[in-house]
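J.:
Number of protein chains: 2
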Amino acid sequence: MAKQTAARERVLDAFAELLIEEGERAATLDAVAAAAGVSKGGLLYHFGSKEALVDGLIDRLSEMSEADTARMLAAPEGVVEYFVRTSVDCGTPFDRTIIAVARLAQGQHAQASGAMADIRRSWLRTVEDAVGDPDTARAIVLMCDGLYANTGQLGMGVSDPDEGSDESIERLLAVIARLLPADGR
Amino acid sequence: MAKQTAARERVLDAFAELLIEEGERAATLDAVAAAAGVSKGGLLYHFGSKEALVDGLIDRLSEMSEADTARMLAAPEGVVEYFVRTSVDCGTPFDRTIIAVARLAQGQHAQASGAMADIRRSWLRTVEDAVGDPDTARAIVLMCDGLYANTGQLGMGVSDPDEGSDESIERLLAVIARLLPADGR
DNA sequence: GTCTATAACTTGATAGAC
DNA sequence: GTCTATCAAGTTATAGAC
Numbered sequence: 001m002a003k004q005t006a007a008r009e010r011v012l013d014a015f016a017e018l019l020i021e022e023g024e025r026a027a028t029l030d031a032v033a034a035a036a037g038v039s040k041g042g043l044l045y046h047f048g049s050k051e052a053l054v055d056g057l058i059d060r061l062s063e064m065s066e067a068d069t070a071r072m073l074a075a076p077e078g079v080v081e082y083f084v085r086t087s088v089d090c091g092t093p094f095d096r097t098i099i100a101v102a103r104l105a106q107g108q109h110a111q112a113s114g115a116m117a118d119i120r121r122s123w124l125r126t127v128e129d130a131v132g133d134p135d136t137a138r139a140i141v142l143m144c145d146g147l148y149a150n151t152g153q154l155g156m157g158v159s160d161p162d163e164g165s166d167e168s169i170e171r172l173l174a175v176i177a178r179l180l181p182a183d184g185r
Numbered sequence: 001m002a003k004q005t006a007a008r009e010r011v012l013d014a015f016a017e018l019l020i021e022e023g024e025r026a027a028t029l030d031a032v033a034a035a036a037g038v039s040k041g042g043l044l045y046h047f048g049s050k051e052a053l054v055d056g057l058i059d060r061l062s063e064m065s066e067a068d069t070a071r072m073l074a075a076p077e078g079v080v081e082y083f084v085r086t087s088v089d090c091g092t093p094f095d096r097t098i099i100a101v102a103r104l105a106q107g108q109h110a111q112a113s114g115a116m117a118d119i120r121r122s123w124l125r126t127v128e129d130a131v132g133d134p135d136t137a138r139a140i141v142l143m144c145d146g147l148y149a150n151t152g153q154l155g156m157g158v159s160d161p162d163e164g165s166d167e168s169i170e171r172l173l174a175v176i177a178r179l180l181p182a183d184g185r
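Read top to bottom, the protein sequences are chains A and B. Positions 1 to 185 (UniProt numbering) are the ones given, in order, by the first sequence. Positions 1 to 185 (UniProt numbering) are the ones given, in order, by the second sequence.
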């Protein structure tokens, strides 16, 4: 983790934002540079190619993922509840980065797909440790994949404006509780 | 449903295939024409613009969706089991078309997002009618969204090569059965 | 470190031949 | 119905000034 200039970070922020809000196609070097407030030449000083820019975002995601797993394990409300809640509210920097890289994974970016698969494996392992039963853990992680697909608009459109509401989380947690023996810790 | 020429259908097939296998960015008019075995000019005779091509695929999806809902309601194994099984095996023409349009929905195609949302609403309504409880229905549909996200590589990468196997479906159905009072019909 | 200018190529779309 | 030019605009990347 060498010292990274502010401009470099701004470029990554802009890249992620464009991927999320307008899709992979709109996230051109021109658009990213403009959104980051630098020229295209300036951008290409920090990231020598578009591929390097993609790699930069994937690296950022990997770092964030490790930190999030630690937070999940330490969460006072328990692993499952933390996991479900943060899958519905896609507003955290980590969630935003996931959505951005997920967009890249749909292209032909093998590295992006690999990074997403790594994260999902990590979730599965962590939830499995928490709930005991592998099949139950898989069902829970699948529901959260579904939440990302919906609230993050990972392809499913938004069928229900209420999908991400506080109340809907509670109802979903109640359904999940029916799958668990005692509590989801 | 006017009589559609074979070439027109081949173009739509090629477009969907490119979207699925290589992502939105690779699905250019050039690439689609080549894959369909026509020239770009030939393609543009059938679909006057790229937007018309997108609309053509969305229309095809809408037709398929109605037919699938009828099949789901008539399925001897029951709505829920039919729904889960067809979400895991993304090999049917309908599933392939869903994945293709989902890719478009991640760009800025409002119509594609709308079509996906319509389909999901239809699923939710149908499963809700079948299982009675809205919250349980939502949990089931979310799991299937998750399955699409995984097996269809809708952003989640493929974390588990076993995710789409026959055995994993049975285990998932067993977990879902725990949520249902009697049987999922 | 950041900019402008520009080169080389791709993409969507049009025109007109067959 | 389908093809071959051809075009304007957009996209990535390089070169060199500041």
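Glycine included, C-beta positions come from ideal geometry on N, C-alpha and C. All figures in this text were calculated on a predicted structure; none of them were measured in a lab.
State yes or no: is the beta carbon of B:ALA177 nearer than 8 angstroms to at least one beta carbon in chain A?
T.: For this step, residue 177 of chain B is matched to residue 177 along the second sequence. Not closer than 8 angstroms to any Cβ of chain A, the Cβ of B:ALA177 fails to qualify, so no.
J.: Compile a chain-ordered list of the residues in the region 135-151 of chain B whose CB is closer than 8 angstroms to at least one CB of chain A.
T.: Per Cβ criterion, the list reads ASP135, THR136, ARG138, ALA139, VAL141, LEU142, MET143, CYS144, ASP145, GLY146, LEU147, TYR148, ALA149 and ASN150.
J.: Which bits of chain A does B:VAL158 rub up against, with CB to CB less than 8 angstroms?
T.: By 1-based counting over the second sequence, the position of residue 158 of chain B is 158. Those are SER113 and ALA117, listed as they occur along chain A.
J.: In chain A, which residues lie with their C-beta within 8 angstroms of the C-beta of B:LEU172?
T.: Taking the first residue of the second sequence as position 1, residue 172 of chain B is located at position 172. What B:LEU172 touches in chain A: ASP135, ARG138, ALA139 and LEU142.
J.: What's the call for B:SER165, buried or exposed, on a 16-neighbour Cβ count within 10 Å?
T.: Taking the first residue of the second sequence as 1, we reach residue 165 of chain B at position 165. Flag for B:SER165 reads exposed.
J.: Quick one: using the 10 Å Cβ neighbour count with 16 as the cut-off for buried, is A:THR97 buried or exposed?
T.: Locating residue 97 of chain A in the first sequence gives position 97, where the first residue counts as 1. Label assigned to A:THR97: buried.
J.: Can you check the region 70-122 of chain A for any beta strand (DSSP E) of at least 3 residues that lies completely inside it and give the ranges in chain order?
T.: The region 70-122 of chain A contains no whole beta strand (DSSP E) run of 3 or more residues.
J.: Checking contacts by CB at 8 angstroms: is A:ALA100 closer than that to chain B?
T.: Here the question's residue 100 of chain A lines up with position 100 in the first sequence. With 8 angstroms as the cut-off, A:ALA100 does not count as an interface residue toward chain B.
J.: Buried or exposed: B:TYR45, going by 16 or more other Cβ atoms within 10 Å of its Cβ?
T.: Position 45 of the second sequence holds residue 45 of chain B. With fewer than 16 Cβ atoms within 10 Å of its Cβ, B:TYR45 is classed as exposed.
J.: Chain A partners of B:ALA26, CB-CB under 9 angstroms?
T.: Here residue 26 of chain B corresponds to residue number 26 of the second sequence, with the count starting at 1. Chain A residues near B:ALA26: GLY107 and GLN108.
J.: Interface residues of chain B around A:GLN153 at Cβ under 8 angstroms?
T.: Position 153 of the first sequence holds residue 153 of chain A. Within 8 angstroms Cβ-Cβ: ALA105, GLN106 and SER113.
J.: Looking only at its chain, what residues have a beta carbon closer than 6 angstroms to the beta carbon of B:PRO161, apart from the 5 residues adjacent to it on each side?
T.: As a first step, residue 161 of chain B must be located in the second sequence, where it is residue number 161. Closer than 6 angstroms at the Cβ level, and outside the excluded window around B:PRO161, lies no residue.
J.: Quick one, are the C-beta atoms of A:ILE99 and A:GLY152 less than 8 angstroms apart?
T.: Residue 99 of chain A sits at position 99 when you count from the first residue of the first sequence. Residue 152 of chain A sits at position 152 when you count from the first residue of the first sequence. For A:ILE99 and A:GLY152, yes; Cβs fall inside 8 angstroms.
J.: Note down, in chain order, each residue of its chain lying with its Cβ closer than 6 angstroms to the Cβ of B:SER159, except the 5 sequence neighbours on either side.
T.: Taking the first residue of the second sequence as 1, we reach residue 159 of chain B at position 159. So no residue of the chain qualifies.
J.: Give me the subset of the region 7-36 of chain A whose CB atoms are less than 8 angstroms from a CB atom of chain B, sorted by chain position.
T.: Taking 8 angstroms as the Cβ-Cβ cut-off against chain B, the residues of the region 7-36 of chain A that qualify are GLU22, GLY23, GLU24, ARG25 and ALA26.
J.: Taking 6 angstroms as the limit between beta carbons, can you name the residues of its chain near A:SER168, skipping five residues before and five after?
T.: Here residue 168 of chain A is taken as the residue at index 168 of the first sequence, counted from 1. So the list reads ASP162, once near-sequence residues are dropped.
J.: Could you please give the first and the last residue of the uninterrupted alpha helix (DSSP H) stretch that includes B:PHE15?
T.: As a working mapping, residue 15 of chain B is identified with position 15 in the second sequence. B:PHE15 -> alpha helix (DSSP H) spans 6-22.
J.: Can you tell me whether A:VAL158 is helix, strand or coil according to DSSP?
T.: Within the first sequence, residue 158 of chain A is the residue found at index 158, counting from 1. Three-state result, A:VAL158: coil.
J.: Could you work out which residues of chain B lie near A:LEU57, taking near to mean beta carbons separated by less than 7 angstroms?
T.: Here residue 57 of chain A refers to the residue found at position 57 of the first sequence. Here the premise fails: no neighbours, minimum Cβ distance about 14 angstroms.
J.: Given that A:LEU124 touches chain B, what residues does it touch there, using C-beta distances under 8 angstroms?
T.: To locate residue 124 of chain A, count along the first sequence from 1; it is residue 124. Result: SER159 and ASP160.
J.: Using DSSP with H/G/I as helix, E/B as strand and the rest coil, what is A:SER39?
T.: In the first sequence, the residue the question calls residue 39 of chain A occupies position 39. Residue state, collapsed to three classes: coil.
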